[in-house]
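Accompanying notes for the structure given below.
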């Protein structure tokens with residue numbers, strides 16, 4: 002293990018597992034790992050309406066072992082965790098809105114799933130290092146800004162509650178069973194390979210789709226609400242750094258972006274970068290307002306101190322790359338995911 | 002609804018549901034409600050090794066409607082919540098140690114169960130008032146003493162994590178769906194009707210059994226570790242007050258006892274009150290030490306301000322009543338619970 006400035010050399014030849022590895026962030030992590038010479042295995046359930054998409058790794062599929070399966074399947078996970086040195090635990094359901102419609106599905110995807118992975122490690126590979134994809138949702142509506150890790154945990158929706166539990170399981174397994182684990186509390190992640198088929202996962206992907214399609218972009222209220230955007234390549238770098246050091250064990254870390262920005266200004270920037278789309282201001286839908294948390298941005302200094310990580314991609318550059326990606330690959334992200342990639 | 006000093010008049014003729022109502026605290030709440038003239042329905046799964054015991058309500062069974070069933074059974078709960086004005090949600094698995102052996106059972110009992118109850122209320126009785134049995138476990142190892150509700154939530158075992166999630170669900174359903182709900186974070190509750198068949202739920206019941214049986218009482222380490230004991234009748238009063246006022250909605254409250262005391266001094270007092278038993282100091286078992294949280298006692302002022310509640314039973318008096326209860330009824334608490342009471 003290393004606390005050096007780059008985790009790049011750490012992963013060559015390492016056996017790594019990525020849960021949710023066909024998803025937006027998971028596939029970006031997996032692709033980086035392939036580039037670094039790791040032996041990469043992915044498990045992904047291709048849960049309907051979640052972000053899993055075979056196309057996300059289609060061009061590197063011959064260098065990855067892909068298992069389609071549910072992380073809640075204990076037999077599968079008991080087998081898959083064996084001999085893995087690092088496990089990036091990104092499987093989950095990420096829609097706040099869906100969690101309020103079907104809380105049981107969210108319970109399975111965000112509580113039973115991490116518990117199953119951790120039990121598998123406890124009994125079959127206690128030496129593994131696990132990095133969990135947490136979320137800034139655990140903070141709920143912030144008391145003050147920026148939010149650091151001492152802010153109270155106060156989730157405002159079912160998805161947030163279950164993500165809290167998922168994160169705490171990792172800390173318990175670290176502290177009690179010695180399965181080294183940590184959690185990265187991600188802010189609003191954006192970039193290529195994000196789900197854009199519907200608007201029930203983070204609005205940024207949906208906004209980008211609308212801009213690329215030159216359609217109106219609905220901004221709620223006056224658009225003054227602030228979010229903290231972090232580009233997916235910066236997030237993948239954060240995961241790799243956390244997985245390569247013991248300095249993170251048993252801890253939670255905010256992982257936010259270079260810039261925070263209001264919805265209105267973000268939309269203006271996006272339209273400028275894309276050269277298409279237009280903003281349309283509409284009242285807040287009641288269902289979304291009920292679980293909204295106001296403005297949010299984070300302080301990631303704790304993670305920088307532990308790993309040397311810093312975000313490097315400006316919002317303008319990140320949006321430019323993302324728009325360019327979807328201009329080229331849009332069809333693969335509008336189709337149902339099973340139809341998007343080559344058959345397994 | 003009332004914020005008056007006593008909830009006694011509130012419950013006459015009210016339709017009330019108690020989940021986990023054959024358990025230690027649930028049955029004490031149910032018995033009080035029967036005395037107050039409420040229409041009481043109990044649901045209890047008699048989960049093996051949990052605290053459910055038909056004998057707890059055997060003498061008032063003709064004045065209670067008892068359903069043996071799982072709160073995770075959505076069909077059952079959809080039916081049982083209809084027309085209930087107040088629901089005391091006490092079903093759950095309370096053993097820290099068991100939760101580490103079988104985290105999936107704990108997930109069902111402490112996450113899916115409250116979620117199912119709340120979904121039933123949301124869809125079939127959104128006007129219900131729900132009072133949840135939370136726990137001081139959510140605080141983990143305290144930063145300072147006494148602990149109030151602003152202390153960070155930091156559970157140290159699986160049971161604690163799942164109880165956190167169960168509590169947060171109640172707050173989410175209060176805030177988003179208007180199902181009025183609150184949580185009482187109970188400290189170490191003791192008194193008649195507590196499970197004493199094994200020592201995997203709170204040590205106090207086990208100590209009392211050993212004292213009554215005139216056996217050695219093992220105290221870990223030097224016995225200096227402090228706990229906050231609250232007598233079960235005081236806890237039942239807390240539930241009744243919380244259920245009778247809207248002042249608690251959407252909030253969490255510590256519910257602790259009149260006195261806190263070290264294990265050593267508690268054991269001395271217990272032996273004196275019982276006139277039997279003896280203390281034996283032994284090293285901490287590793288399994289228990291791993292999830293131990295050091296000394297703990299709470300500040301319950303927030304709940305007193307909201308409801309007028311105060312604990313009234315001294316530790317000496319509570320122990321006296323408890324010892325007298327078990328001297329009279331011990332056999333019913335050593336047998337397997339299904340054999341203990343009259344057939345249903």
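Protein chains in written order, with this note's numbering: chain A, 2 to 345; chain B, 2 to 345.
Cβ coordinates follow ideal geometry from the N, Cα and C atoms, glycine included.
Have a look at the options and flag the residue whose alpha-carbon is nearest the alpha-carbon of residue i.
i, options, result
"residue 1 of chain B", "B:233, B:159 and B:214", "In the structure as shown, chain B begins at 2 and stops at 345. Residue 1 of chain B is therefore absent and cannot be evaluated."
"residue 260 of chain B", "B:132, B:58, B:188 and B:174", "B:188"
"residue 288 of chain B", "B:168, B:201 and B:146", "B:201"
"residue 174 of chain B", "B:23, B:58, B:74 and B:251", "B:251"
"residue 73 of chain B", "B:60, B:43, B:42 and B:110", "B:110"
"residue 10 of chain A", "A:49, A:56, A:226 and A:241", "A:241"
"residue 299 of chain A", "A:99, A:228 and A:56", "A:228"
"residue 294 of chain B", "B:53, B:118, B:140 and B:34", "B:140"
"residue 8 of chain A", "A:307, A:324, A:323 and A:149", "A:307"
"residue 171 of chain A", "A:198, A:135, A:197 and A:142", "A:135"
"residue 327 of chain B", "B:233, B:38 and B:206", "B:206"
"residue 27 of chain A", "A:45, A:16 and A:39", "A:45"
"residue 282 of chain B", "B:220, B:196, B:97 and B:87", "B:220"
"residue 162 of chain B", "A:197, A:166 and A:59", "A:166"
Hey, could you find the ends of the beta strand (DSSP E) residue i is sitting in?
i, result
"residue 76 of chain B", "Where residue 76 of chain B is concerned, there is no enclosing beta strand (DSSP E), although the alpha helix (DSSP H) it sits in stretches over 75 to 81."
"residue 68 of chain A", "65 to 69"
"residue 90 of chain B", "87 to 90"
"residue 392 of chain A", "The displayed coordinates of chain A run from 2 to 345. Any statement about residue 392 of chain A would go beyond what the structure contains."
"residue 253 of chain A", "253 to 256"
"residue 217 of chain A", "217 to 221"
"residue 242 of chain B", "That residue, residue 242 of chain B, is in no beta strand (DSSP E); its alpha helix (DSSP H) goes 233 to 244."
Closer than 7 Å by beta-carbon distance: list the chain A residues that pair up with residue i, in chain order.
i, result
"residue 163 of chain B", "166"
Assign residue i to buried or exposed, taking buried as 16 or more other Cβ atoms, counted over all protein chains shown, within 10 Å of its Cβ.
i, result
"residue 184 of chain B", "buried"
"residue 247 of chain B", "exposed"
"residue 131 of chain B", "buried"
"residue 329 of chain B", "exposed"
"residue 273 of chain A", "exposed"
"residue 311 of chain A", "exposed"
"residue 395 of chain A", "In the structure displayed, chain A extends from 2 to 345; residue 395 of chain A sits before or after that span and is not available."
"residue 151 of chain A", "exposed"
"residue 19 of chain B", "buried"
"residue 245 of chain B", "buried"
"residue 315 of chain A", "exposed"
Run through DSSP, which three-state label would residue i get?
i, result
"residue 107 of chain B", "helix"
"residue 12 of chain B", "helix"
"residue 72 of chain B", "coil"
"residue 188 of chain B", "coil"
"residue 299 of chain B", "strand"
"residue 201 of chain A", "coil"
"residue 44 of chain A", "strand"
"residue 152 of chain B", "coil"
"residue 294 of chain A", "coil"
"residue 132 of chain B", "strand"
"residue 283 of chain A", "strand"
"residue 336 of chain A", "coil"
"residue 341 of chain B", "Interpretation of residue 341 of chain B is limited by its pLDDT of 40, a score under 50 that renders its predicted location unreliable; the figure taken from the coordinates is listed afterwards. Helix at residue 341 of chain B."
"residue 62 of chain B", "helix"
"residue 248 of chain B", "helix"
"residue 314 of chain B", "coil"
"residue 194 of chain A", "coil"
"residue 322 of chain A", "helix"
"residue 142 of chain B", "coil"
List the residues of chain A whose Cβ lies closer than 9 Å to the Cβ of residue i, in chain order.
i, result
"residue 106 of chain B", "Going along chain A, no residue has its Cβ under 9 Å from residue 106 of chain B, so there is no contact; the nearest lies around 11 Å."
"residue 260 of chain B", "What residue 260 of chain B touches in chain A: nothing, since even the nearest Cβ is about 29 Å away."
"residue 154 of chain B", "153, 154, 155, 165 and 169"
"residue 291 of chain B", "176, 177 and 178"
Whose Cβ in chain B lies nearer than 8 Å to the Cβ of residue i?
i, result
"residue 113 of chain A", "105 and 108"
"residue 95 of chain A", "Within chain B, no residue comes near residue 95 of chain A; the closest Cβ sits about 17 Å away, beyond 8 Å."
"residue 158 of chain A", "173 and 177"
Counting only Cβ pairs nearer than 8 Å, list the residues of chain A close to residue i.
i, result
"residue 313 of chain B", "The contacting residues do not exist; residue 313 of chain B stays about 32 Å from chain A at best."
"residue 387 of chain B", "Any question about residue 387 of chain B goes unanswered here, given that chain B covers just 2 to 345."
"residue 98 of chain B", "In chain order: nothing, as chain A lies at least about 11 Å away."
Could you please give the first and the last residue of the uninterrupted alpha helix (DSSP H) stretch that includes residue i?
i, result
"residue 160 of chain B", "159 to 178"
"residue 32 of chain A", "25 to 36"
"residue 272 of chain A", "264 to 275"
"residue 98 of chain B", "97 to 102"
"residue 121 of chain B", "114 to 125"
Using the beta-carbon of each residue, which ones in chain B are nearer than 9 Å to residue i?
i, result
"residue 9 of chain A", "Under the 9 Å cutoff, chain B gives no residues; its nearest Cβ is about 34 Å from residue 9 of chain A."
"residue 268 of chain A", "Going along chain B, no residue has its Cβ under 9 Å from residue 268 of chain A, so there is no contact; the nearest lies around 27 Å."
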